[in-house]
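Student:
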Amino acid sequence: MVYIGFVHHWAPIIFGILSYCSNSIFVYIVMKKTRSSFGAYKYMLMSFGIFDIAYSTVDMVVAMGSHIHFIYRYIALCKPRWISIFNETKWIIALISGVIGQGFLWFCSVYFCMWSDDEMRSYLAVPFRRDYNADVYKIPLLGSTYWGASFKLILRTSAAIVIITIISCFTISFCIWTGYTIFKTLNTVEMSKNTKRMHRNLLGALAIQTFIPFAISYLPCVVAWSVPIIHVDTKSLNNFTAIIAVAAFPFIDPLAIMMLVPDYRNAFFRIFIPCLYNPTRTYPESTVGESSGRA
1 MVYIGFVHHW
11 APIIFGILSY
21 CSNSIFVYIV
31 MKKTRSSFGA
41 YKYMLMSFGI
51 FDIAYSTVDM
61 VVAMGSHIHF
71 IYRYIALCKP
81 RWISIFNETK
91 WIIALISGVI
101 GQGFLWFCSV
111 YFCMWSDDEM
121 RSYLAVPFRR
131 DYNADVYKIP
141 LLGSTYWGAS
151 FKLILRTSAA
161 IVIITIISCF
171 TISFCIWTGY
181 TIFKTLNTVE
191 MSKNTKRMHR
201 NLLGALAIQT
211 FIPFAISYLP
221 CVVAWSVPII
231 HVDTKSLNNF
241 TAIIAVAAFP
251 FIDPLAIMML
261 VPDYRNAFFR
271 IFIPCLYNPT
281 RTYPESTVGE
291 SSGRA
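Residue numbers (our numbering): 1 to 295.
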C-alpha cells in the first residue's frame, strides 16, 4: 500500500469505527423500536445498516483512493397492487440480481478496461517516485488515460469511465425520479394525516440518503475521474477530499433515518441523550392497522 499522507491513511479507519457505531445503533433501534405498521420494511432498513458496516470494512482494508427501499416506497404508494412482489421469492431474487448485476458490470468495466499495462505505468513512474517514493511497477494500479498515449490505451480506459459514469448517473436519476413521483402521489392520494405524515417522514429520510452519497461519494469521484480530461491535476482531490467523503458516507448514512423518523429519533435520544428525549407520540395506535394496510 502506498502511504500518501495522514488523512489518506487514517480517515477510512476513523470513519470506519464511527460507521460501526452509528450503524450498530441504527440496526438496534430499527430492530427493537419499529412499530408494527412498518411491516417487513424494517428488515430492508436493517439490511442497509449491515451493508454500510461491510462497506466501511472494505474501505478500511483496501484504503480506496442505495436504492432498493426507494423502489419499495414507490410501489407501496404508487403501485400498491404490486406490493406482493416483496413476498415472492422470484421477485426478491430479481431485485437482488439487478443490484448485483449493476455491481458486476461496474467490476467488469474497471477490471477489464482500466488495468495498467507497461505503457500506463511508464507515464506514472516518475511522478509516483517523486510524490510518493513508490515504484509504480510494484503496486496494484487501475487508471484511465485521456491524452498522450496510444489510441488503444485511451479507448480502453475511457470506455470504462463512460460505463461507470452512466451507472452513477442512472442510479441518482432513478432515485430522484422515484422520489419526485412519491412526493406527487402523497399530495393526491387519500389517506389519514398520520399515515401521510409517516410516509413524508420516510420520504424525507430517503431524500437525505440520496443526497448524502451524491454529495460525498458520487460527485467527488465523478469529478476526480473527469476533470483530467481538461488537464486539471486532481491529486489533492483524489487523495484527501474524495477519501474523506467516501469514508464518511457509511457513517453519515444511517443518521438520516434516525434523526428524521420520529420513532427512531425519540428512541435514540431516550437511550443516549435522555435530556433531549421528547415522549410525545407522533402516530396514535389507532392508525397502525391503517398504515399497515397501505404501506
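Just so it is clear, CB atoms sit at the ideal spot from N, CA and C, and this is done for glycine as well.
Given the structure is predicted, the values throughout are model-derived calculations rather than measurements.
Which whole runs of the alpha helix (DSSP H) in the stretch 112–167 are 4 residues long or more, in chain order?
Tutor: Counting only runs of 4 or more, we get 118–132.
Student: I'd like to know if the stretch 249–257 and the stretch 42–56 are in contact, where contact means that at least 3 CB-CB pairs between them fall below 8 Å.
Tutor: Yes, since at least three Cβ pairs between the stretch 249–257 and the stretch 42–56 fall closer than 8 Å, the two stretches touch.
Student: On a Cα-Cα basis, can you pick out the residue from VAL61, SER22 and ILE208 that is closest to TRP10?
Tutor: Position 10 of the sequence shown, counted from the start, is the residue given in the question as residue 10. Answer by Cα proximity: VAL61.
Student: Three or more beta-carbon pairs under 8 Å between the stretch 171–191 and the stretch 107–125, yes or no?
Tutor: The answer is no - the stretch 107–125 does not touch the stretch 171–191, with fewer than three Cβ pairs under 8 Å.
Student: DSSP state of ILE93, grouped into three classes?
Tutor: As a working mapping, residue 93 is identified with position 93 in the sequence shown. DSSP places ILE93 in helix when its eight states are reduced to three.
Student: When the Cα of ILE164 is compared with those of TRP225, VAL232 and TRP91, which residue comes out closest?
Tutor: Taking the sequence shown and counting its residues from 1, one reaches residue 164 at position 164. Nearest C-alpha to ILE164: TRP225.
Student: When the Cβ atoms of the stretch 185–202 are set against those of the stretch 147–164, are three or more pairs found closer than 8 Å?
Tutor: Not touching, per the Cβ criterion.
Student: Buried or exposed: where does PHE26 fall if 16 or more other Cβ atoms within 10 Å of its Cβ makes it buried?
Tutor: Sequence index remark: in the sequence shown, residue 26 carries index 26 (1-based). Label assigned to PHE26: buried.
Student: Would you give the residue range spanned by the alpha helix (DSSP H) that ARG265 belongs to?
Tutor: Position 265 of the sequence shown, counted from the first residue, corresponds to residue 265. Counting along the chain, the alpha helix (DSSP H) containing ARG265 begins and ends at 262–272.
Student: Just to check my reading of the structure: SER217 and VAL246 have Cβ atoms closer than 8 Å, yes? What is that Cβ distance to the nearest angstrom?
Tutor: As a position in the sequence shown, residue 217 is number 217, starting the count at 1. As a position in the sequence shown, residue 246 is number 246, starting the count at 1. About 6 Å separates the two Cβ atoms, so the contact holds.
Student: Under the three-state reduction of DSSP, which class applies to SER56: helix, strand or coil?
Tutor: Along the sequence shown, one-based indexing puts residue 56 at 56. Correct three-state label for SER56: helix.
Student: Taking 7 Å as the limit between beta carbons, can you name the residues of its chain near ALA205, skipping five residues before and five after?
Tutor: Working through the sequence shown from its first residue, we reach residue 205 at position 205. For ALA205, where only same-chain residues beyond five positions count, the Cβ hits under 7 Å are ALA256, ILE257, LEU260 and VAL261.
Student: Kindly indicate which three-state DSSP category LYS79 falls into: helix, strand or coil?
Tutor: Counting from 1 along the sequence shown, the entry for residue 79 is found at position 79. It is coil, neither helix nor strand.
Student: Looking at the unbroken alpha helix (DSSP H) that takes in ALA215, where does it start and where does it end?
Tutor: As a position in the sequence shown, residue 215 is number 215, starting the count at 1. First-last for ALA215: undefined, no H or E at that position.
Student: Measure from the alpha carbon of LEU203 to the alpha carbon of each residue in PRO213, LEU219, PHE183 and VAL222, then state which is nearest.
Tutor: Within the sequence shown, the letter at position 203 stands for residue 203. Comparing Cα-Cα distances from LEU203 to each of PRO213, LEU219, PHE183 and VAL222, the minimum goes to PHE183.
Student: With a cut-off of 8 Å on the beta carbons, I'd call PRO213 and SER56 a contact; round off their distance for me.
Tutor: Numbered from 1 along the sequence shown, position 213 holds the residue referred to as residue 213. Numbered from 1 along the sequence shown, position 56 holds the residue referred to as residue 56. Not confirmed; about 14 Å, so no contact.
Student: Mapping DSSP to helix, strand and coil, what is VAL232?
Tutor: Here the question's residue 232 lines up with position 232 in the sequence shown. Coil.
Student: Find out if the Cβ-Cβ distance for the pair TRP115, LEU142 is shorter than 9 Å.
Tutor: Stepping through the sequence shown from its first residue, residue 115 is reached at position 115. Stepping through the sequence shown from its first residue, residue 142 is reached at position 142. Yes, Cβ-Cβ distance for TRP115 and LEU142 is below 9 Å.
Student: Can you list, in chain order, the residues of its chain with a C-beta nearer than 7 Å to that of HIS67? Leave out the 5 residues immediately preceding and following it.
Tutor: One-based indexing of the sequence shown puts residue 67 at position 67. Annotation note: pLDDT 45 at HIS67 (below 50); position unreliable, no value reported.
Student: By the three-class DSSP mapping on this structure, what secondary structure does SER19 have?
Tutor: Along the sequence shown, read from residue 1 onward, the residue named residue 19 stands at position 19. Note: SER19 maps to helix in three-state DSSP.
Student: Can you give me the C-alpha to C-alpha distance between ALA207 and ALA267, rounded to a whole angstrom?
Tutor: On the sequence shown, position 207 is the one that residue 207 refers to. On the sequence shown, position 267 is the one that residue 267 refers to. Whole-angstrom Cα-Cα distance: 22 Å.
Student: Leaving out five residues on either side along the sequence, give the residues of the same chain with a beta carbon under 7 Å from the beta carbon of ILE29.
Tutor: Translated into the one-based positions of the sequence shown, residue 29 becomes position 29. Result list for ILE29: MET258, TYR264, ALA267 and PHE268, in chain order.
Student: In this structure, does DSSP put SER24 in helix, strand or coil?
Tutor: The residue given as residue 24 occupies position 24 in the sequence shown. Three-state DSSP puts SER24 in a helix.
Student: Buried or exposed, going by whether 16 or more other CB atoms sit within 10 Å of the CB of ASN133?
Tutor: Within the sequence shown, the letter at position 133 stands for residue 133. The residue in question, ASN133, is exposed, as its Cβ has fewer than 16 Cβ neighbours within 10 Å.
Student: Quick one: Cα of CYS113 to Cα of HIS231, how far?
Tutor: Walking along the sequence shown from the start, residue 113 turns up at place 113. Walking along the sequence shown from the start, residue 231 turns up at place 231. Spanning the two alpha carbons is a distance of roughly 21 Å.
Student: Report the residue from LEU105, ILE53 and PRO80 whose alpha carbon sits nearest the alpha carbon of ILE17.
Tutor: The residue given as residue 17 occupies position 17 in the sequence shown. Measuring from the Cα of ILE17, the nearest candidate turns out to be ILE53.
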